[in-house]
Each structure stands twice: as C-alpha cells, then as structure tokens.
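Using full-length UniProt numbering, count along the sequence shown one by one with no gaps and you end on 279. By construction, the Cβ of each residue, glycine as well, lies at the ideal position given by its N, Cα and C atoms. Reading through the structure tokens given below for one structure.
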Amino acid sequence: MPSLFASYLRVYEPLAAFDRDRQSYWRRYVSEGRAIAPVEGPGRQRTAVIEALGAGWTRLPDLPEEAYVLETDDGLLVCPWNLRIRVAEAALSARDGVPSVLADAFVPPVLAGQARAVVDDWRSGARVLEHGVPRVHEQIATWGVPLRWFVLFEPAERDLVTQPGRRALRYRTEISKARRRSSRALSVLRKSVGEAPITEAVEEAARWLEEFHPRSVVELDYGGLVDLLSDETLAADDSPELVAGGLAGLSRGEAEEASAAYDKLVARWRAVQLLERCN
Numbered sequence: 001m002p003s004l005f006a007s008y009l010r011v012y013e014p015l016a017a018f019d020r021d022r023q024s025y026w027r028r029y030v031s032e033g034r035a036i037a038p039v040e041g042p043g044r045q046r047t048a049v050i051e052a053l054g055a056g057w058t059r060l061p062d063l064p065e066e067a068y069v070l071e072t073d074d075g076l077l078v079c080p081w082n083l084r085i086r087v088a089e090a091a092l093s094a095r096d097g098v099p100s101v102l103a104d105a106f107v108p109p110v111l112a113g114q115a116r117a118v119v120d121d122w123r124s125g126a127r128v129l130e131h132g133v134p135r136v137h138e139q140i141a142t143w144g145v146p147l148r149w150f151v152l153f154e155p156a157e158r159d160l161v162t163q164p165g166r167r168a169l170r171y172r173t174e175i176s177k178a179r180r181r182s183s184r185a186l187s188v189l190r191k192s193v194g195e196a197p198i199t200e201a202v203e204e205a206a207r208w209l210e211e212f213h214p215r216s217v218v219e220l221d222y223g224g225l226v227d228l229l230s231d232e233t234l235a236a237d238d239s240p241e242l243v244a245g246g247l248a249g250l251s252r253g254e255a256e257e258a259s260a261a262y263d264k265l266v267a268r269w270r271a272v273q274l275l276e277r278c279n
C-alpha cells in the first residue's frame, strides 16, 4: 500500500508503446478528464486499495485502471499505476518468511492463490503473447530516495514548487539521457569498486529503463517527503550534484572526494529515514 511519506521513480511512455486497445483506452481516459495529478495520486491509491480490501484480505480487489499523464508537444505520455498486480505482489510478499499460521491469518490461502494466478498470468501466458512483456512504470521508496535514482538526473532538470498547498520537488528527463547517465555510472563503478552493492543497484535501475519506449520520460518525484522538509531544505537539496561529484571523484581515482560526497548523501537521507521511528 502506498505510503504517505514516499518518493517515486516513474516512466511515462508514449501511446505508441501500447497496443491498440490500450491506446484507445488512454485517449478516452484523458479526454474524459480522468487523469490524476501526481500530487493526488498516492492518496487516491491508498484509498482505492483500502476500500477494495474492505474489512479483511478475503479477495483480490478489483481496482480501476488509472495513470499519471503528461501532455507534451509530441503527444500524450502515460504512466499506468498497475495497482492490481502491485496488490497481488504485496499479498505474496507479505507471506514470505512468516510462520504459516501468521501468514494464513494475514493473507488467507485463497487470497494467496488468487494473487499467484494474477502474477503468473501477468508475467507469462496468453497476456504476454498478445501484449508483450509487461512493464511496471512506477517504483516506490518509503522514507527517503534511493541514491541510485539520482544517477539518472542533472540539477537543471529540477522543478521545485514551494507554494502553500502545492509544494513539490521533481526531476524529469528524457529516457535516452537517463540511460546514458546510468551507463556511464556503471562503467565508473565497475572500474573503481567492482561488483559492490551500489554497482548492482545502479545496474538494476539501468536494466529497468531498458524495458521502455525510447521516447519515454523519466521522473523522480519527492512525493510526500516534501512535507518532512522545509522550503529552505528543498531549495538547497543538491543530491544529484553530490552523486555526480562522487562518480567524478571515483573516475579520477580521488577516493576521498568520492567518499565525502557519499557520506554527505547518506547522512542527509538517514536523517529523513529516522523520522519514521518518530512517526
């Protein structure tokens, strides 16, 4: 279930990335004024899931197909929510590593079976043969921003709004630029630190970007995190610059410079993560 205090990495694809039925659906969706703004989306997602689940996890909820939409000079770009598959995956992951008695109480076997069927059908079978490999357009991180996400953006791509009731901080870039940046970062990391966790994390992000249409747009949205940070803190946030500086230091063999940038980033976002314990 989406957290109120979360950040989001999204990919918006052009209509050409979808089959004809989906293209028609998303055109109607926009023309009918149903598209939801990113600032409202997380709350709407939470409400939809809670209402669908009702008093208990007795069935896999039927959730409407919703999306975030960007309207550009080149046409519509769509970021589907895929709520049904995300709820199914959440139901299955909730059972992992939990004693069977507790797992069955929280996610009954009948629901787990429905969830498994939905996931299997979505990732294989007739759906894939007809529509191609499915893509999850949105990644969510609670109580912080994964450092690997900053690799994809540059400071000039930031959009900061600090007006009361409309506070937001987002980065948007063309997917081709994000792919080049992740590729460069991977090259530097492999040469300097090898197959370390940070290298694997950036590689995972790079692989995810490869799933999408080449005319897509990538967005990093601080989401509800802006409510934890002052206007001054948001304006002074230079996380992408610190990541770029750290990578530049590694490429030059200046380990101290890279370490200083990394330590500053970790300290900054650890302070945000610690707020979860106060919540």
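- I198 carries a helical assignment under DSSP once its states are collapsed to helix, strand and coil.
- Within the same chain, V217 come within 7 Å of E174 by CB-CB distance, once the 5 residues on both sides are set aside.
- With a threshold of 16 other beta carbon atoms within 10 Å, A235 falls short and is exposed.
- Taken through DSSP and simplified to helix, strand or coil, G75 comes out as strand.
- According to DSSP, P14 shares a beta bridge with L77.
- The three-state secondary structure of S7, taken from DSSP, is strand.
- A Cβ-Cβ distance of about 28 Å is found for the pair L225 and V193, leaving them out of contact under the 8 Å criterion.
- Setting aside the 5 residues that flank it on each side, L189 is surrounded in the same chain by A196, I198, T199, V202, L247 and L250, each with a C-beta closer than 8 Å to its C-beta; the list follows chain order.
- Cα atoms of R84 and A105: separation of roughly 21 Å, rounded to the nearest angstrom.
- The beta-carbon separation of A6 and T142, rounded to 5 Å, stays under the 8 Å limit for a contact.
- Our two residues, W26 and L15, have alpha carbons roughly 8 Å apart in a direct line.
- Looking at A178, L274 and D238, the one whose alpha-carbon comes closest to that of Y262 is D238.
- Annotated as proximal: L275 and L228, with beta-carbon spacing under 8 Å.
- Under the 8 Å Cβ criterion, the region 17–33 counts as touching the region 60–70, having at least three qualifying pairs.
- Counting only residues of its own chain and dropping the five nearest sequence neighbours on each side, R95 has a CB closer than 8 Å to the CB of A103, F106, V107 and A112.
- For H137, the closest of L186, P214, C79 and T162 by C-alpha to C-alpha distance is C79.
- In this model, D231 and G43 are separated by some 22 Å (Cα to Cα).
- By the neighbour-count criterion, in which a residue is buried when 16 or more other Cβ atoms sit within 10 angstroms of its Cβ, A48 is buried.
- A residue is called buried when at least 16 other Cβ atoms come within 10 angstroms of its Cβ; E254 does not meet this threshold and is exposed.
- Relative to G223, the option among A185, A91, P164 and E40 whose CA is nearest is E40.
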